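A.B. asks: Please find one structure pasted underneath; my questions will follow.
There are 4 protein chains.
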Amino acid sequence: MIDFRSDNTGRAAPEILDALVRANSGTALGYGADEWTARLQERFGELFETRVRVFPVATGTAANALSLAAISPPWGLVYCSEMAHINTSEANAAGFFGGGLKLVPIAGDHGRISAEALAQTLAGIQPGAIHRGQPAAVNLTQASDLGAVYSLDDIRAVSDIAKARGLRVHMDGARFANALARLQCSPAEMSWRSGVDILSFGATKNGGALCDAIVVFKPELADGLAMQLRRAGQVWSKMRFAAAQLLAYVEDGLWLRLAQASNAAAARIAAGIAGLAGVRPIAPVEANELFLEMASEVIDALEGGGFQFYRRSATLARFVCRFDVTEAEADALVAALRRHCAAPAKAAE
Amino acid sequence: MIDFRSDNTGRAAPEILDALVRANSGTALGYGADEWTARLQERFGELFETRVRVFPVATGTAANALSLAAISPPWGLVYCSEMAHINTSEANAAGFFGGGLKLVPIAGDHGRISAEALAQTLAGIQPGAIHRGQPAAVNLTQASDLGAVYSLDDIRAVSDIAKARGLRVHMDGARFANALARLQCSPAEMSWRSGVDILSFGATKNGGALCDAIVVFKPELADGLAMQLRRAGQVWSKMRFAAAQLLAYVEDGLWLRLAQASNAAAARIAAGIAGLAGVRPIAPVEANELFLEMASEVIDALEGGGFQFYRRSATLARFVCRFDVTEAEADALVAALRRHCAAPAKAAE
Amino acid sequence: MIDFRSDNTGRAAPEILDALVRANSGTALGYGADEWTARLQERFGELFETRVRVFPVATGTAANALSLAAISPPWGLVYCSEMAHINTSEANAAGFFGGGLKLVPIAGDHGRISAEALAQTLAGIQPGAIHRGQPAAVNLTQASDLGAVYSLDDIRAVSDIAKARGLRVHMDGARFANALARLQCSPAEMSWRSGVDILSFGATKNGGALCDAIVVFKPELADGLAMQLRRAGQVWSKMRFAAAQLLAYVEDGLWLRLAQASNAAAARIAAGIAGLAGVRPIAPVEANELFLEMASEVIDALEGGGFQFYRRSATLARFVCRFDVTEAEADALVAALRRHCAAPAKAAE
Amino acid sequence: MIDFRSDNTGRAAPEILDALVRANSGTALGYGADEWTARLQERFGELFETRVRVFPVATGTAANALSLAAISPPWGLVYCSEMAHINTSEANAAGFFGGGLKLVPIAGDHGRISAEALAQTLAGIQPGAIHRGQPAAVNLTQASDLGAVYSLDDIRAVSDIAKARGLRVHMDGARFANALARLQCSPAEMSWRSGVDILSFGATKNGGALCDAIVVFKPELADGLAMQLRRAGQVWSKMRFAAAQLLAYVEDGLWLRLAQASNAAAARIAAGIAGLAGVRPIAPVEANELFLEMASEVIDALEGGGFQFYRRSATLARFVCRFDVTEAEADALVAALRRHCAAPAKAAE
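Keeping their order, the protein sequence lines are chains A, B, C and D. Remember, the working numbering sits 362 above the position in the first sequence when you count from 1. Remember, the working numbering sits 362 above the position in the second sequence when you count from 1. Remember, the working numbering sits 362 above the position in the third sequence when you count from 1. Remember, the working numbering sits 362 above the position in the fourth sequence when you count from 1.
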């Protein structure tokens, strides 16, 4: 079986678990008052070239929902892509933690929101009108849930419109490293320098094990968030074991190497099937995911042939490359696609 | 420095981290659909001698608050000790997750609630009266937040009263293993056989690293809880790394050995100061904690002499024994207490 | 000025205020334990031909949001029309009272949801999948927010699909009387006999003053709802003044006479402009509202000519007929529309 | 039967219903955008000698809970008397609307909180500690739930301590007029000039019918509160009928005359039983309530003798005087008490 199901089905990078094990010596104060967590603040400050507050959390859902709750009042409207993970896959955690805040889909291509569509929506809402709720924040998923990446200009275009209306900007960076590896820019450029106020910093999907983080660029948001994290049950008493993972994740560029590897595998597959009749990527392959449209017989044949992946509809399949997928596995998928597309009818029989 | 600050300042048991590292091979489905989590269900079923649902969670606060939210409607009254961790130390997480449920303190000795006091409170509430809220659940902290342990009869007395009124029973077992080691009974006897419906199963304070668990004895509670855990951001996508920790924790009696060690250290200290004028335990030392009342000069002297612990008031200090505290460390505390109590006035100068 | 802005800009029916004043004698127990509220239960039981629980509430928003919270868990998905009042105009009160439940728009014509579209959406959701939330309830707005009315068959079609999947059915009857007057069926037929479990019973828009009601057809929902209403601040201590209004509202068919009057006015306008080039109703005029598309110059001319109404876009205007709108006012609007449509270009100058 | 059960069992003052009826002419914009509500802002501005925002709401519970939610974050601790209505009688509405905020009882006499006890509690909480929640606000019930009244110095003492720690001050003025009539000071003195930030302005218990109000003295609180009121279902579309009631309530000093009447009746009873052996008021009778301790046989005899009141325990009874209680009714109670106390043993037979 060759597994393209998700980047959360994979292993953790050994360096990360090694660091966790190494943290297991001596005693340390609980709830983040330890040296590892202190170092994490400093290290991320360097990484993002500004003072930040970093809060390790158990999951990306916690990072997203608590970030949004920190930047929106309960009566807030939070704009996002129809396909955003927060909208489709987190059981409305944002609505729950946010006291009933509401997610509002904004149009755009490839799982991204369009700055123009956002502007148009905002133009239709009178400030002070109380019946609909009040625009409060914008969510960008970087990389998007269709595997596309916002350029720095894209991010800036959205955040400029948001800021002009007093909205805050959240980036769901579950695949932050994949997008960063694609854009080859700095973490600062892809976040606060482009208008991002608060970031869900994903590690799990890119070789992490048991934690992600919230990175806060606006200091005034941090103290309230710290309280909410505590009562959300997201503050480990033995926090050092989480902080150590995140420190190892960014040590010596590990995170970028991992993301480059999974991106490269996706690009290799995309290149291998470029121009192949019968397979159509529905979005540009810019990170580590491919969403391929093909005849349902072809998808059946792949499933029958030992490939694991998620079927989004009869004719749409998602393939995710993990950091540890091999070139041979990528090539096997390409070969199978070429084989089945050459003779789809036969494959179905 | 000798550290008696908390059982969460300590290391994890190496066996637990080893298991986490061993789980890092191959791919596995996310969000608990993996083999480790499946095995966890079975293993805990054996352990508790009944079918259970086990949900790994990041923290004890999450375990407690989500358990209470599962057994109380938003208008519910949840009875607990004044000193219960849920009442004093979790920033009202129960009220948050429970949609505004309310904790109501019940009297009792040594951090426990008294069955009689509970009965009396319930007798004063008319069923159907809507102004005050409705009695919904009872919380028992085992071991208590003053280091005492409910006997099986104690638990049964409380749960009988609760059940007679239709209330559900939650046990906060942050120190479940310590209490179990004390009572030398079975996990089943100390939980569902004594009327417990849902259990916060603590591991972190007893040699765990990054997870605790909720154990559900009433099947009808499990599906809703699973949904709430998902939106609470408490369902890891790489769940195997959590399940593996919990499996290792109970493997070959590890958890009980760890608890016996910390209990024994506490008992050693208690024995060492028994009868010592000037030091008074305010609760029986039945688990791994000592709450000692003494002259503030004595406490000052201990602090000055290299001991770390929490001062609850000018004249009350808490000492917690970790699984890896040594006999020498315990004896050093005894010796210091004996020394300072012999000449407290001097110590203060 | 002739006012077609809303049915909430109007007067209350004098009979209703008379009843309120008549209730002002003697003492009566608070919070609904009075004779008026008891009689209300009986009276609505006769009206709906079944045992019901009736809870007077201050507003339609309270009725809707608390009804939905009563039939959906916090992780529930509640299906409704994109244009439903609960989705567009109540500041996500349903999400707030429902602990983060989520409204999901379903396609359909004229502000109604289509049974087929609902079936298709439900077919795409696997039971037990935890990421998206769980289907919990369906909302029908009767009459719809575009002034159309569900037939009994329409309601039944939707509720059959809902029931087959275990979903509960809520009807937002802010204009229940208008729809009833249109269908000329019984209250029972338009509610529980067609599968409705809980009803927001509107009075305010149809000649009421300060209260609407929730009518519960499923007894098991009532006790919990009573508690939530209490803590929602929706249980008046001097409840008799609310119950008396609702009793007067349905006394001797007052409510239907009021609705017939406003419906007739809307029908009169619709008939008056039938076939008029330049004015197009975007939905059938089946209750007391007209949504008319016309050149923006025509709308400008109406505004300039002393008509009050809401402009939904440059070319869409909403006209609402109150129970006390006169035939002369309706005819004036028809005449103005005829005049402006005959020479729209001129009107704009 | 002579009714001393509650001030909410009584009639409304006819002037208030007259005003409601008079408001029933012409059309008016909904949701508070009408002339009556505009006039209400002005009128209360004069009354309180400062710019205020006034929000009519359906009930005192709504006023209290939404006020507290406006001045406390979800992780806030709100200090109040053990006997405060918000703590004993509103089904934890404050916890619900406040997203899990927590009420913390503070000692004091006669249903009031003591400034010293508040100071002591606050001194024990380290700023920034995240485990317990953060002090956010103080609630004063004026008159208290035992019928006592805070003097202006009392209020100032509490609010000074609150302000020094950055806490906001809420006054539950369900019996604001009764306290005002007692103190014979200005509304401004008893509220913002003494440090009150937000006020639940009660009318219902003092001759009102269907509305109370929130009065906001801190402008920065008003816009968010307006949004929460909308989604709480507390903004009537036909708001004029509520605003008209409140305007009539304060017109020409009506509210004070009503409160003087009920206070006088209570004082008359208190005077009538002063020194009577066998009856002991447990708090000074400073408003319109008496809490009388006496032998259970005496209470039984009163119940048997046609008096209606609430029995708080076997030996404690509450008597509430409405604005329309007569001197004869007050005297009848005095006479009965004198009679039964003279021969309590006999009365019990």
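Yeah, the Cβ is synthetic: ideal placement off N, Cα and C, and Gly gets one too. In this text, all values refer to a predicted model and were calculated from it rather than measured experimentally.
Let me know if residue 548 of chain A comes out buried or exposed under the rule of 16 or more other beta-carbons within 10 Å of its beta-carbon.
C.D. replies: Counted from its first residue, the first sequence places residue 548 of chain A at position 186. Classified as exposed, residue 548 of chain A has fewer than 16 neighbouring CB atoms from the shown chains inside 10 Å of its CB.
A.B. asks: My output table needs one value for residue 553 of chain C: the three-state DSSP class, helix, strand or coil.
C.D. replies: Along the third sequence, read from residue 1 onward, the residue named residue 553 of chain C stands at position 191. Coil.
A.B. asks: State the start and end residues of the unbroken alpha helix (DSSP H) segment that holds residue 693 of chain A.
C.D. replies: Taking the first residue of the first sequence as 1, we reach residue 693 of chain A at position 331. From DSSP, the alpha helix (DSSP H) with residue 693 of chain A extends over 689 to 704.
A.B. asks: Which bits of chain B does residue 461 of chain C rub up against, with CB to CB less than 9 Å?
C.D. replies: Residue 461 of chain C sits at position 99 when you count from the first residue of the third sequence. Going along chain B in sequence order, the residues near residue 461 of chain C (Cβ under 9 Å) are 436 and 461.
A.B. asks: To the nearest angstrom, report how far apart residue 663 of chain D and residue 701 of chain D are at their CA atoms.
C.D. replies: Mapped onto the fourth sequence, residue 663 of chain D falls at position 301. Mapped onto the fourth sequence, residue 701 of chain D falls at position 339. Distance between the alpha carbons of residue 663 of chain D and residue 701 of chain D: 10 Å.
A.B. asks: Which of the three DSSP states, helix, strand or coil, is assigned to residue 646 of chain A?
C.D. replies: Locating residue 646 of chain A in the first sequence gives position 284, counting from the first residue. If DSSP states are grouped into helix, strand and coil, residue 646 of chain A belongs with coil.
A.B. asks: How would you call residue 363 of chain C, buried or exposed, if buried means at least 16 neighbouring beta carbons within 10 angstroms?
C.D. replies: Taking the first residue of the third sequence as 1, we reach residue 363 of chain C at position 1. With fewer than 16 other Cβ atoms inside 10 Å of its own Cβ, residue 363 of chain C counts as exposed.
A.B. asks: Can you list, in chain order, the residues of its chain with a C-beta nearer than 8 Å to that of residue 596 of chain B? Leave out the 5 residues immediately preceding and following it.
C.D. replies: One-based indexing of the second sequence puts residue 596 of chain B at position 234. Correct list, in chain order: 417, 419, 420, 424 and 428.
A.B. asks: What in chain D is Cβ-close to residue 589 of chain C, meaning under 9 Å?
C.D. replies: Taking the third sequence and counting its residues from 1, one reaches residue 589 of chain C at position 227. The answer, in chain order, is 453.
A.B. asks: How long is the line joining the alpha carbons of residue 651 of chain C and residue 628 of chain C, rounded to whole angstroms?
C.D. replies: For the purposes of this step, residue 651 of chain C is taken as residue 289 along the third sequence, with counting starting at 1. For the purposes of this step, residue 628 of chain C is taken as residue 266 along the third sequence, with counting starting at 1. Near 6 Å, if we compare the C-alpha coordinates of residue 628 of chain C and residue 651 of chain C.
A.B. asks: Determine whether the Cβ of residue 495 of chain B lies closer than 8 Å to any Cβ atom of chain E.
C.D. replies: Note that chain E does not occur in the displayed structure, where the protein chains are A, B, C and D.
A.B. asks: Could I get the ranges of all uninterrupted alpha helix (DSSP H) runs contained in the segment 498 to 560 of chain B, with 4 residues as the minimum, in chain order?
C.D. replies: 514 to 526 and 538 to 545
A.B. asks: Give a yes or no on whether 8 Å exceeds the smallest Cβ distance from residue 541 of chain D to chain C.
C.D. replies: As a position in the fourth sequence, residue 541 of chain D is number 179, starting the count at 1. For residue 541 of chain D, the answer is no, since every Cβ of chain C falls outside 8 Å of its Cβ.
A.B. asks: How would you list, in chain order, the residues of chain B whose beta-carbon sits under 7 Å from the beta-carbon of residue 457 of chain D?
C.D. replies: By one-based count along the fourth sequence, residue 457 of chain D stands at place 95. Simply 457, 462 and 464.
A.B. asks: Can you pull out the residues from the segment 369 to 388 of chain D whose beta carbon lies closer than 8 Å to at least one beta carbon of chain C?
C.D. replies: Result list: 370, 371, 372, 373, 374, 376, 379, 382, 383, 386, 387 and 388.
A.B. asks: Within the same chain, show all residues whose beta-carbon is closer than 6 Å to that of residue 380 of chain B, passing over the 5 residues directly before and after it, in chain order.
C.D. replies: One-based indexing of the second sequence puts residue 380 of chain B at position 18. Correct list: empty, nothing qualifies.
A.B. asks: Throw me the rounded Cβ distance for the residue 616 of chain C and residue 375 of chain C pair, which I believe falls under 8 Å.
C.D. replies: Here residue 616 of chain C refers to the residue found at position 254 when the third sequence is read from its first residue. Here residue 375 of chain C refers to the residue found at position 13 when the third sequence is read from its first residue. The pair is a contact, with the Cβ atoms about 6 Å apart (cut-off 8 Å).
A.B. asks: On a Cα-Cα basis, can you pick out the residue from C/674, C/519, C/631 and C/422 that is closest to residue 393 of chain D?
C.D. replies: Position 31 of the fourth sequence, counted from the first residue, corresponds to residue 393 of chain D. Ranking the options by Cα distance to residue 393 of chain D, first place goes to C/422.
A.B. asks: Near residue 462 of chain C, what residues of its chain come up, given a Cβ to Cβ distance below 6 Å and the 5 sequence neighbours on each side ignored?
C.D. replies: Within the third sequence, residue 462 of chain C is the residue found at index 100, counting from 1. Answer for residue 462 of chain C: 436, listed in chain order.
A.B. asks: Under the assumption that residue 608 of chain D contacts residue 565 of chain D (Cβ atoms under 8 Å), give the Cβ distance between them as a whole number of angstroms.
C.D. replies: Locating residue 608 of chain D in the fourth sequence gives position 246, where the first residue counts as 1. Locating residue 565 of chain D in the fourth sequence gives position 203, where the first residue counts as 1. Contact holds; Cβ gap of about 6 Å.
A.B. asks: Who are the Cβ neighbours of residue 634 of chain B in its own chain at under 6 Å, not counting the five residues just before and after it?
C.D. replies: Working through the second sequence from its first residue, we reach residue 634 of chain B at position 272. Once the five neighbours on either side are set aside, the close Cβ partners of residue 634 of chain B are 696.
A.B. asks: Tell me which residues of the segment 478 to 493 of chain A have at least one Cβ-Cβ distance to chain D shorter than 9 Å, keeping chain order.
C.D. replies: 490, 492 and 493
A.B. asks: Across which residues does DSSP place residue 415 of chain B in a beta bridge pair?
C.D. replies: Position 53 of the second sequence, counting from 1, holds the residue named residue 415 of chain B. Under the DSSP definition of a beta bridge, residue 415 of chain B partners with B/578.
A.B. asks: Please go through the same chain and pick out, in chain order, the residues whose beta-carbon is closer than 6 Å to the beta-carbon of residue 598 of chain C, but skip the five residues on each side of it.
C.D. replies: One-based indexing of the third sequence puts residue 598 of chain C at position 236. Cβ neighbours of residue 598 of chain C beyond the five flanking positions: 604.
A.B. asks: Hey, residue 577 of chain B and residue 521 of chain B: beta-carbon distance below 8 Å or not?
C.D. replies: The sequence position of residue 577 of chain B within the second sequence is 215, counting from 1. The sequence position of residue 521 of chain B within the second sequence is 159, counting from 1. Contact: no.
A.B. asks: Taking contact to mean at least 3 C-beta pairs separated by less than 8 Å, is the segment 475 to 487 of chain A in contact with the segment 473 to 493 of chain C?
C.D. replies: no
A.B. asks: Given that a residue counts as buried once 16 or more other Cβ atoms are within 10 Å of its Cβ, and exposed if not, what is residue 594 of chain C?
C.D. replies: What you label residue 594 of chain C is simply residue 232 of the third sequence in a count that begins at 1. Residue 594 of chain C sits buried, since 16 or more C-beta atoms from the chains shown fall within 10 Å of its C-beta.
A.B. asks: Along chain C, which residues have their Cβ under 9 Å away from the Cβ of residue 503 of chain A?
C.D. replies: Numbered from 1 along the first sequence, position 141 holds the residue referred to as residue 503 of chain A. What residue 503 of chain A touches in chain C: nothing, since even the nearest Cβ is about 15 Å away.
A.B. asks: Reducing DSSP to helix, strand and coil, say where residue 641 of chain C ends up.
C.D. replies: Residue numbering aside, residue 641 of chain C sits at position 279 when the third sequence is read from its first letter. Correct three-state label for residue 641 of chain C: strand.
A.B. asks: Where residue 625 of chain A and residue 514 of chain C are concerned, what is the direct C-alpha to C-alpha distance, given to the nearest angstrom?
C.D. replies: For this step, residue 625 of chain A is matched to residue 263 along the first sequence. For this step, residue 514 of chain C is matched to residue 152 along the third sequence. Rounded to the nearest angstrom, the two C-alpha atoms are 55 Å apart.
A.B. asks: Who are the neighbours of residue 421 of chain A on chain C, taking C-beta pairs under 9 Å?
C.D. replies: Start at 1 with the first residue of the first sequence, and residue 421 of chain A comes out as number 59. In chain order: nothing, as chain C lies at least about 12 Å away.
A.B. asks: Count the other CB atoms, across all protein chains shown, that sit within 10 Å of the CB of residue 546 of chain C; report buried if there are 16 or more and exposed otherwise.
C.D. replies: For the purposes of this step, residue 546 of chain C is identified with residue 184 of the third sequence, where counting begins at 1. With fewer than 16 other Cβ atoms within 10 Å, it is exposed.
A.B. asks: Can you name the residues of chain B whose CB is closer than 7 Å to the CB of residue 450 of chain D?
C.D. replies: Position 88 of the fourth sequence, counting from 1, holds the residue named residue 450 of chain D. Residues of chain B passing the Cβ test: 494.
A.B. asks: Tell me whether residue 486 of chain C sits in a helix, a strand or coil according to DSSP, three-state version.
C.D. replies: Residue 486 of chain C sits at position 124 when you count from the first residue of the third sequence. In the three-state scheme derived from DSSP, where H, G and I count as helix and E and B as strand, residue 486 of chain C is classed as coil.
A.B. asks: Pick out whichever of C/438, C/450 and C/516 has its Cα sitting closest to the Cα of residue 475 of chain C.
C.D. replies: Counting from one through the third sequence, the residue named residue 475 of chain C turns up at place 113. For the residues C/438, C/450 and C/516, the minimum Cα distance to residue 475 of chain C belongs to C/516.
A.B. asks: Spatial neighbours of residue 691 of chain C within its chain, please: CB distance less than 6 Å, with the 5 preceding and 5 following residues excluded, ordered by chain position.
C.D. replies: Numbered from its first residue, the third sequence carries residue 691 of chain C at position 329. Closer than 6 Å at Cβ, skipping near neighbours: 364.
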